[in-house]
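Number of protein chains: 2
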Amino acid sequence: MLNQQSNLDLMFQALADPTRRAMIDRLSRGPASVSELAKPFAMSLPAVVQHLQALEHSGLVTSQKVGRVRTVQIQPDTLSLAEQWINDRRTAWSRRLDRLGDFLAETADEPEIET
Amino acid sequence: MLNQQSNLDLMFQALADPTRRAMIDRLSRGPASVSELAKPFAMSLPAVVQHLQALEHSGLVTSQKVGRVRTVQIQPDTLSLAEQWINDRRTAWSRRLDRLGDFLAETADEPEIET
DNA sequence: TTGTTACTTAACTATATGCTTAACCAACAA
DNA sequence: TTGTTGGTTAAGCATATAGTTAAGTAACAA
Numbered sequence: 136m137l138n139q140q141s142n143l144d145l146m147f148q149a150l151a152d153p154t155r156r157a158m159i160d161r162l163s164r165g166p167a168s169v170s171e172l173a174k175p176f177a178m179s180l181p182a183v184v185q186h187l188q189a190l191e192h193s194g195l196v197t198s199q200k201v202g203r204v205r206t207v208q209i210q211p212d213t214l215s216l217a218e219q220w221i222n223d224r225r226t227a228w229s230r231r232l233d234r235l236g237d238f239l240a241e242t243a244d245e246p247e248i249e250t
Numbered sequence: 136m137l138n139q140q141s142n143l144d145l146m147f148q149a150l151a152d153p154t155r156r157a158m159i160d161r162l163s164r165g166p167a168s169v170s171e172l173a174k175p176f177a178m179s180l181p182a183v184v185q186h187l188q189a190l191e192h193s194g195l196v197t198s199q200k201v202g203r204v205r206t207v208q209i210q211p212d213t214l215s216l217a218e219q220w221i222n223d224r225r226t227a228w229s230r231r232l233d234r235l236g237d238f239l240a241e242t243a244d245e246p247e248i249e250t
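In order, the protein sequence lines correspond to chains A and B. Counting from 136, one number per residue, gives the positions in the first sequence under the numbering used here. Counting from 136, one number per residue, gives the positions in the second sequence under the numbering used here.
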């Protein structure tokens, strides 16, 4: 639990780059080879591969090499993890708003916003 | 559509840092002042404020100053946006898997993975 | 066996990020 | 009016990130 660089760090970091999000977008429609993934981008292949490494290191994609082509696919469970983290905080917030609403409804006093 | 730095970039970038996620976590339980937010961290106040600026710039939080204290709160709609982006890709992937399953069930032939 | 395709590795560079300290300012408290 | 609290601004620094080019390797094709 006290690892140096958390999974969420790597995941959100990976998703923070538009190139990498475009790759995830592409991969959400099915697996692809490295050069297929590279095609839409005006950057060198090594640059593309570095992006893929970031994605793979974060667990958002996996890949395997057959012959000389490496095929990459999405790892939906890891995407779920990021999604879940956000959802938990967002719903914590709205549950709090609900409780605050209840409190305001039940009392006529001015409520303390912060404890 | 072709803006220099997309909202999602800023959002995911903001969420990629453990300090900032901890702040969001704290804020999911209610608004807080800058110094309250700073308290758990072994870093200078300017550093904390820079993190808050990243969060605010990304739209994940808003703040306003009353007297000399600045109060920060979560912006759940922005969190939803990030969540939604992930969800869309994840579900696109699983819908694709479903269709592939149907296809495999309907035919005895070997399917084409890529179009 | 010669060339081409599909990556891979290495070395380098420019900019961005996450911090620091020092100095400042404005609100409130004594 | 003097000090303290709560934050802000500015400058600087070390490391990380996103890209580059150049050179290599291994698979398959002719």
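Even for Gly, the Cβ is constructed at its ideal location relative to N, Cα and C.
Within 7 Å of the CB of PHE147(A), the CB atoms of chain B belong to PHE147, LEU150, ALA151, in sequence order along the chain.
Residue-level contact by beta carbon holds for PRO211(B) and chain A, with a gap shorter than 7 Å. Using a Cβ-Cβ cut-off of 7 Å, LEU214(A) counts as an interface residue toward chain B, since at least one Cβ of chain B sits closer than that to its own. For ASN222(B), the neighbours in chain A by C-beta distance under 8 Å run, in chain order, GLU218.
Secondary structure note for SER141(B): it is in no beta strand (DSSP E), with a DSSP letter that is neither H nor E. Contact note: ASP233(A) does not reach chain B at a C-beta cutoff of 9 Å; the least C-beta distance is about 12 Å.
A direct Cα-to-Cα measurement between VAL184(B) and ARG224(B) gives close to 33 Å.
In the DSSP assignment, SER198(B) falls within the beta strand (DSSP E) that extends over 196-201. The beta-bridge partner set that DSSP reports for THR213(A) is empty. By the criterion of a C-beta distance shorter than 6 Å, MET146(B) is surrounded in its chain by SER193, ALA217, once the five residues flanking it on both sides are discounted.
Under the 7 Å criterion on CB atoms, ARG225(B) is classed as interfacial with respect to chain A. Listed by position along chain B, the residues whose Cβ is nearer than 8 Å to that of LEU190(A) form an empty set, because the closest Cβ is around 12 Å away. By the criterion of a C-beta distance shorter than 7 Å, ARG155(A) is surrounded in its chain by ALA149, HIS186, ALA189, LEU190, once the five residues flanking it on both sides are discounted. For SER163(B), at least one C-beta of chain A is nearer than 7 Å to its own C-beta. Of the residues assessed, MET158(B) falls on the buried side of the cut-off, its CB having 16 or more other CB atoms within 10 angstroms. Boundaries for MET178(A): no alpha helix (DSSP H) harbours it, and the DSSP string shows neither H nor E there. The bridge partners DSSP lists for THR206(A) are SER168(A), GLN199(A).
Neighbours of SER141(B) in chain A, taken as residues whose beta carbon is under 8 Å from its own, are PRO153 in chain order. Rounded to the nearest whole angstrom, the CA to CA distance from ALA177(A) to LEU143(B) is 21 Å. For ARG156(B), the chain A residues whose Cβ falls inside 9 Å of its Cβ are SER141, LEU143, ASP144, PHE147, TRP220, ARG224, in order along the chain.
Within a 10 Å sphere around the beta-carbon of THR226(B) sit fewer than 16 other beta-carbons, which makes this residue exposed. The three-state reading of DSSP puts ALA227(A) in helix, counting H, G and I together. For THR206(B), the closest alpha carbon among the candidates ASP160(B), GLU171(B), SER163(B) is that of GLU171(B).
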